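Undergrad: Residue numbers (my numbering): 67 to 356. Note that CB positions come from ideal geometry on N, CA and C, so glycine has one too. This one's a predicted model, so the numbers in the text were calculated from it and none came from an experiment.
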Amino acid sequence: MKIFVDGDPILYKVAAQMQPVHYIVSDYFFDKKKEALAFCSENELDPSVIEKLECMLPPWMMDRKIDQAIERLELDLIRYYGGDSEITWSFSHSDNFRNRVDKEYKANRPPKPFYVKHIKKAMIEKTNPLIYPKLECDDVIALAALLDPEDSVIVTVDKDLLNVPTNHFNPDAKKAVTTTYEKGLRSFMKQCLTGDTVDNIKGVQGIGPKKAELILDQVKESSWGTTWEGLLVCTETFCIENSLNFCSKSMKRDGILLDVGHFWMKQLGESHPPVEKLMNKCSDWIKRSI
């Protein structure tokens, strides 16, 4: 089994451990705010007395936490998939082409933790990962897995990658699932309608997850699975028939494509030429690298 690990979430998890947050009520320390709130409630204290303390662990602890994170994950994967599996890590390139196409992409994210750059450098040295210029690791591991989807596993907590028709493993939930072609296409179409607030990508105005599911349930798959324009037409028809608000201008086609949809847009004949060229070059490079 070929296992491709999305290193970015692991990187940020280690960075957060290096910068822990505590909540203080009088002489009591709590690791989670909800614990401090519960303490205040039990002791009839006003929540405003809670003080937030952000700490910074010394740099010498960083290497140990990185080794622990890598070893724990790889041990879990070996236990689940066997010792003969090939584990390949990937991290995002520092120059992301998406930011040139859409400056609002992930613009709603908070500042990066202090140690991120140092931890990334160390993790790259320890894992010998796949990194391709201008691409996120999501792109790289999705392309790698699609070279042999039945014998590949994508390891990540990122929901976007569940659109890729292959095997998946969530390292936090310790859960394995397989995305079929049909399930992956439906998941992608749903995100086309709802957008992705985490990455600051707008969907169709007035359509959330529940309405998106209604639309996909009632519009035949043969209709929404043909072209981007076909999805728009079917969605507009559904919204009119059900008195729902619809504004096609609010659907950011390029944004969705950049975020979650290269594989599916290509399948639907709607691919973005510059993106397709970059992805094809990366796919050829992966074939030579693994």
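Which runs of the beta strand (DSSP E), 3 residues or longer, sit entirely within the region 96 to 175?
TA: Entirely contained in the region 96 to 175, the beta strand (DSSP E) runs reaching 3 residues are, in chain order, 117 to 120 and 152 to 156.
Undergrad: Could you tell me the alpha carbon to alpha carbon distance between residue 202 and residue 93, rounded to whole angstroms?
TA: Using only the alpha carbons, I get a separation of about 44 Å.
Undergrad: According to DSSP, is residue 238 helix, strand or coil?
TA: Here residue 238 sits in coil by DSSP.
Undergrad: For residue 353, which residues does DSSP report across the bridge?
TA: Answer by DSSP bridge pairing: none, since residue 353 is not bridged.
Undergrad: In the DSSP assignment, what residue or residues form a beta bridge with residue 261?
TA: Residue 261 is bridged to 268.
Undergrad: On the three-state DSSP scale, how would you describe residue 273?
TA: Residue 273 falls in the coil class under three-state DSSP.
Undergrad: Measuring straight from C-alpha to C-alpha, what distance separates residue 247 and residue 74?
TA: Taking the straight line from one Cα to the other gives about 26 Å.
Undergrad: Comparing C-alpha positions only, which one of 356, 82, 71 and 342 sits nearest to residue 182?
TA: If we check each option's Cα against that of residue 182, 82 comes out closest.
Undergrad: Measure the alpha-carbon distance for residue 176 versus residue 281 and round it to whole angstroms.
TA: For residue 176 and residue 281, the distance between alpha carbons rounds to 33 Å.
Undergrad: Using only the alpha-carbon positions, how far apart do residue 107 and residue 345 sit?
TA: Taking the straight line from one Cα to the other gives about 54 Å.
Undergrad: Starting from the Cα of residue 149, find the closest Cα among 67, 119 and 268 and give me that residue.
TA: With distances taken between Cα atoms, residue 149 lies closest to 67.
Undergrad: Taking one C-beta from the region 194 to 214 and one from the region 151 to 169 each time, how about it: are there three or more such pairs within less than 8 Å?
TA: At 8 Å Cβ cutoff, the stretches touch.
Undergrad: Could you name the residues of the same chain whose beta carbon sits closer than 8 Å to that of residue 133, not counting the 5 residues immediately before and after it, in chain order?
TA: The residues are 192.
Undergrad: Apart from the five residues on each side of it in sequence, which residues of its chain come closer than 6 Å, Cβ to Cβ, to residue 135?
TA: Cβ neighbours of residue 135 beyond the five flanking positions: 76 and 80.
Undergrad: Which stretch, first to last residue, makes up the alpha helix (DSSP H) that contains residue 88?
TA: Segment 87 to 91 is the beta strand (DSSP E) holding residue 88; no alpha helix (DSSP H) there.
Undergrad: Among the candidates 115, 251, 240 and 270, whose CA atom is the shortest distance from the CA of residue 232?
TA: Looking at the Cα atoms, 251 is the closest of the given residues.
Undergrad: Among 171, 279, 258 and 219, which residue has its Cα nearest to the Cα of residue 331?
TA: Cα-wise, what sits closest to residue 331 is 258.
Undergrad: If residue 253 sits next to residue 70, beta carbons under 8 Å apart, how far is it from one beta carbon to the other, in whole angstroms?
TA: With a Cβ gap of about 19 Å, residue 253 and residue 70 do not count as contacting.
Undergrad: Helix, strand or coil: which one does DSSP assign to residue 207?
TA: Residue 207: helix per DSSP, three-state reduction.
Undergrad: Secondary structure at residue 213, three-state DSSP: helix, strand or coil?
TA: Coil, per DSSP.
Undergrad: Do you know offhand how far residue 306's Cα is from residue 272's?
TA: The straight-line gap from Cα to Cα measures roughly 13 Å.
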